[in-house]
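Chains A and B, in that order, are what the protein sequence lines are. Mapping the first sequence onto the UniProt record's numbering, position 47 (from 1) lands on 47, and the numbers just tick up by one. Mapping the second sequence onto the UniProt record's numbering, position 65 (from 1) lands on 65, and the numbers just tick up by one. Reviewing the structure listed below.
There are 2 protein chains.
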Amino acid sequence: MPRVVVDVMPKPEILDPQGKAVLGALPRLGFSGVTDVRQGKRFELEFAGEVTEAVLAEVHQMAETLLSNPVIENFTVHVEQPA
Amino acid sequence: MPRVVVDVMPKPEILDPQGKAVLGALPRLGFSGVTDVRQGKRFELEFAGEVTEAVLAEVHQMAETLLSNPVIENFTVHVEQPA
């Protein structure tokens, strides 16, 4: 059964305190080389039927109205075949 | 500059109240056809240098120790070329 994934990330111009907290913690844990971290959300939606273009359009609407805040977040939608 | 993405999702056997809340809200908003929703986290890590195998191994360690809780969450690591 295909799965539709919606990735929601803070817009580049929006401060991301969670990402900054991770970035600050990495050197304290002995990790170096990371210059920036952004933290967002990932939604995995399972569908009973086939994932058609109409279903993907509906997922875009879900992402806009429920899964993301379009003022501060961007989202991407893609289909994934579960392993 | 390549970006390394860490996706952290609740394990299948773990209850996911955030996902369940989204699943419950969808019909109320007029969306049908979704049978399950899982909500997790997405981390985008930027690196100054090249992303080698050693860097990816380090990202796995970061994911295990800081970005995820291995008791209740699974994670995947992949490299992404920013658009």
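We put the CB at the ideal spot given by N, CA and C, even for glycine.
For the pair A:Q39 and B:R42, the Cα-to-Cα distance works out to about 6 Å. For A:Q81, the CB contacts under 8 Å within the same chain, skipping 5 residues up- and downstream, are P2 and R3 in chain order. Under the three-state reduction of DSSP output, A:V4 falls in the strand class. The secondary-structure analysis by DSSP pairs A:R28 with nothing; it has no beta-bridge partner. Between A:G19 and A:V37 a beta carbon distance of about 4 Å is seen, short of the 8 Å cut, so the two are scored as contacting. Across the structure, A:H60 and A:S68 are spaced so that their CA atoms are roughly 10 Å apart.
If you ignore the 5 residues before and after B:P70, its C-beta comes within less than 8 Å of the C-beta of E64, all in its own chain and listed in chain order.
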